[in-house]
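Heads up: the sequence shown runs through residues 2 to 169, numbered per this note's numbering.
Even glycine gets a Cβ: it sits at the ideal position worked out from N, Cα and C.
One structure is given below, encoded as structure tokens.
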Amino acid sequence: MYFGSVKFFKRLIVTVFLILLLLPTVLSVFFFIKYAGLSRQLERIDSAVDSFSRTVPAEMRRQIDDTINEQKKEIDSYITEQVSGLYRQIDASVAEKTDSLDKSTNIQLDRLKNDLTVSIEGRTSEIQDDLNLSIDNQLNNLREELNRSLGNQIAVLQQQLNDYRKNS
């Protein structure tokens, strides 16, 4: 085997070069033949159309045009009916969905209102309990301070009274 040899790559390069040279040539010949056949076919069709258009009388052309116009009007009328029917269906569907959405929204708002009311009442009760506890604590602290202060003042007055009795 001579896979990695210079001879192999030389033949590979020559083969690729020949393919790149022959492929466009073969394709151009193929498409030229196909083009020539299609051109002949187009010429035959054009001549058939010309001969047909010369043989069809003007009255028949007018009838064909009238028939086509009538069919266009029927199709336009049918399309207009279908579109208006669709609009009615869409309007009914939108109204139904709007009503449903409105009811659903009202239900959700009522639930939210009830939940908020319960939550607020619970929180208010907690705050009231905390406030009562805080006030009780402050009142107890105030009583203790007042008792301590009065006790101190009574002790001072007692001392002064004792001092006065001793001096008199």
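Inter-residue Cα distance where the pair is residue i and residue j
i    : j    : result
Q139 : D130 : 14 angstroms
L13  : L22  : 14 angstroms
D66  : E75  : 14 angstroms
T118 : E97  : 31 angstroms
L24  : I34  : 16 angstroms
K167 : I155 : 18 angstroms
A37  : F18  : 29 angstroms
L43  : R55  : 18 angstroms
K11  : F4   : 11 angstroms
DSSP three-state assignment for residue i, whether helix, strand or coil
i    : result
Y3   : coil
S150 : helix
S29  : helix
S169 : coil
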